[in-house]
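So the sequence lines, in the order shown, correspond to chains A and B. In terms of my numbering, the first sequence is residues 1 to 348. In terms of my numbering, the second sequence is residues 1001 to 1161. Some notes on the structure that comes next.
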Amino acid sequence: MREVAVIGFAQVDYPRSDDDEVEMISGVVARAIAASGITKKQIGFTVSGSCDYLGGRPFSFVTALDAVGAWPPISESHVEMDGAWALYEAWVRLQHGDIDAALVYAFGRTSQGDLGNVLATQLDPYYLGPLWPDAVSLAALQARAMIDAGVCSEKQMAEVARARRGAGKGSGTAATTGGVDELLAAPYVASPLRGHDCAANTDGAAAMVLATGDLARRVCQRPAFIRGIDHRIEAHALGVRDLTRSTSTELAAKKAGALGRRFDVAEIHAPYSHQEILISRALGLGSDVAINPSGGAFGANAYIVTGLARIGTAASRILDGSAKSAVAHATSGPCLQQNMVCVLGDER
Amino acid sequence: MSEPIKRIKSPVHLEYTVSAGRALSRFLAALTEARLIGGRCSSCRKVYIPLRSVCPTCAAPMCEELTIADTGTVTTYCIVNVPFEGQTMKLPYVYASVLLDGADLPILHLIQMPADQARMGLRVKAEWVPPDERRPTLESIRWFVPTGEPDAPFDSYKEHL
């Protein structure tokens, strides 16, 4: 395997509501490239993550290419998934051996529609889809199953929400002022989820530059090396899954070499408080790991961007020297259907 | 036993509120004042219309906002002979790429003229709808009409085809 490292990352913390996709992306792409120490010309592959259902129009990723300057023609690809999976494609592409650097970006303007209903369209069209269960209700079913199975309690969920909210920066950050008891006095949004359990949906974009070992070491003082990366998926039908476990995360963590390893930081993609508890268990994280010090999805939660932002945020800690090792997680699909685990480390 | 279900109806309805973005919103708003706004790329110096925030070729920001003339040259065109729902023009009619004077990217619009006289190099001018009918849409230009000037030489627009 060729060594691949994150050498630059940038994200939109406070998007302008009047920005279009290109306006949102161009800034982060420029910042990520500037931070990376390489030039645009050195990038051999560009790949993006986006979702046409967010804006209700097809091929939005083609318009978005305006933000990267695709002339002379570039080698380019796209996933209709969280940017974390675009990163995975870039990582695979870099393994081919003929190029040394790649640009990954993701964007999501969730403010254009009703995300809860937009996400219902990813369900099967025969049994679940026609019922139009919104995303929060499905997450609530999972939280209920976890509580019934004794995996977590509403109090533990409130503790997670309280710790994450206000921890980081970002447009989704809304610090909770009260204690856990006060949080638990709030009404349900969808039982057993209360408002504090659900990360606010925001608009956003993120960009990342990857480089292979030699180039990374040459241009970057502390490259954040990807020591392991894997993603796994569970069944589409919610009824056949055990929602109280994340078996795909467990398997991805094993394949990525995350199990039994010590990490300084864990960045977990969990838009709902109970999902952070579930993923922390699946990753086997100990009490010595700082989980989501950035606030995670509670800091900024732009659909399609949040997963890539977890990996980028974890990598940033290695790039700035404040951590030596990190594990990042990204998810996609209802109730954590698909999960990615990325192990990051410094030179060592 | 009842008949097996062979078919279900499962309607999908989603509503969106789409904003045009900062640059395009300025372009659209200016149309209500019968003005066309473009921008010059800080890197390649090309003038884009409609106004956009970054140059799609260079990914560089625009360095200058310009009011573009509402006169231009037909670079290429098609004659529409096919009827379709919602059509407002009488067949056959001319739909053309119009390179506005001072711009480097043509816009698409109708040309009000006998279809058999349409040609490349034709000089045209915008006909704006009356002020109270103007909206933030290119339909604020009803169509372009020939100015009667001599045709522009091919060399003057060959880079913009």
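No residue lacks a Cβ here, since even glycine has one placed at the ideal position from N, Cα and C.
Host beta strand (DSSP E) of residue i (start-end)
| i | result |
| --- | --- |
| Met208/A | 203 to 212 |
| Val240/A | From DSSP, Val240/A is part of no beta strand (DSSP E); its letter is neither H nor E. |
| Met340/A | 338 to 345 |
| Glu1085/B | Per DSSP, Glu1085/B belongs to no beta strand (DSSP E) and is neither H nor E. |
| Asp230/A | 224 to 233 |
| Phe107/A | 101 to 109 |
| Gln11/A | 4 to 11 |
| Phe45/A | 45 to 49 |
| His1109/B | 1107 to 1111 |
| Ala266/A | 265 to 267 |
| Ile1141/B | 1141 to 1146 |
| Ala1126/B | 1123 to 1128 |
| Met1062/B | 1062 to 1068 |
| Val28/A | Element bounds for Val28/A: not the beta strand (DSSP E) but the alpha helix (DSSP H), 21 to 36. |
| Leu1036/B | 1036 to 1041 |
| Glu76/A | 76 to 79 |
Beta-carbon gap between residue i and residue j smaller than 8 Å
| i | j | result |
| --- | --- | --- |
| Ser325/A | Arg262/A | yes |
| Pro72/A | Asp203/A | no |
| Ala330/A | Met208/A | no |
| Thr1075/B | Leu1014/B | no |
| Gly321/A | Arg222/A | yes |
| Asp66/A | Ser1019/B | no |
| Ala1103/B | Ile1068/B | yes |
| Ala258/A | Leu283/A | yes |
| Leu115/A | Tyr303/A | yes |
| Arg2/A | Thr313/A | no |
| Ala84/A | Gly295/A | no |
| Gly1121/B | Phe1154/B | yes |
| Cys1041/B | Ala1060/B | yes |
9 Å Cβ cut-off: residues of chain B touching residue i
| i | result |
| --- | --- |
| Gln112/A | Tyr1016, Thr1017, Val1018, Ser1019 |
| Gly83/A | Simply none; closest approach about 18 Å. |
Residue-level contact to chain A via CB, residue i, 8 Å cutoff
| i | result |
| --- | --- |
| Leu1161/B | no |
| Arg1134/B | no |
| Arg1123/B | no |
| Arg1119/B | no |
Neighbouring residues, chain B, relative to residue i (Cβ below 8 Å)
| i | result |
| --- | --- |
| Glu80/A | Those do not exist, as Glu80/A stays about 16 Å from chain B at its closest Cβ, beyond 8 Å. |
Chain B contact for residue i (CB, 8 Å cutoff)
| i | result |
| --- | --- |
| Glu23/A | yes |
| Trp91/A | no |
| Pro15/A | no |
| Gly55/A | yes |
| Pro130/A | yes |
Contacts that residue i makes with chain A (C-beta to C-beta distance below 8 Å)
| i | result |
| --- | --- |
| Ser1025/B | Asp18 |
| Arg1022/B | Arg16, Asp18, Asp19, Asp20, Glu23 |
Range of the contiguous alpha helix (DSSP H) that encloses residue i
| i | result |
| --- | --- |
| Gly83/A | 83 to 95 |
| Arg317/A | 306 to 319 |
| His196/A | Premise fails: His196/A is in no alpha helix (DSSP H) and is neither H nor E. |
| Ala143/A | 135 to 148 |
| Glu1003/B | Taken as a continuous stretch (DSSP letters only), Glu1003/B belongs to no alpha helix (DSSP H), as it is neither H nor E. |
| Leu1100/B | That residue, Leu1100/B, is in no alpha helix (DSSP H); its beta strand (DSSP E) goes 1093 to 1100. |
| Leu1028/B | 1022 to 1031 |
| Thr249/A | 247 to 255 |
| Tyr53/A | 52 to 55 |
| Thr63/A | 60 to 64 |
| Ser280/A | 273 to 282 |
Proximal residues of chain A, C-beta to C-beta of residue i below 7 Å
| i | result |
| --- | --- |
| Arg1142/B | The premise fails here: Arg1142/B is roughly 27 Å from chain A at the closest Cβ pair, so nothing lies under 7 Å. |
Counting only Cβ-Cβ distances shorter than 8 Å, please list the residues of the segment 116 to 128 of chain A near chain B, keeping chain order. Asn117, Val118, Thr121, Pro125, Tyr126
Between the segment 26 to 37 of chain A and chain B, which residues of the former have CB atoms less than 8 Å from a CB of the latter, in chain order? Ser26, Val29, Ala30
In the segment 1040 to 1060 of chain B, which residues sit with their C-beta less than 8 Å from some C-beta in chain A, listed in chain order? Arg1052, Ser1053, Val1054, Cys1055, Pro1056, Thr1057, Cys1058, Ala1059, Ala1060
Chain A contacts from the segment 1002 to 1014 of chain B (Cβ-Cβ distance under 8 Å): Ile1008, Ser1010, Val1012, Leu1014
Members of the segment 63 to 78 of chain A that neighbour chain B once the beta carbon cut-off is set at 7 Å: Asp66, Ala67, Val68, Gly69, Trp71
Closer than 9 Å, Cβ to Cβ, to anything on chain B: give me those residues from the segment 317 to 336 of chain A, in chain order. none
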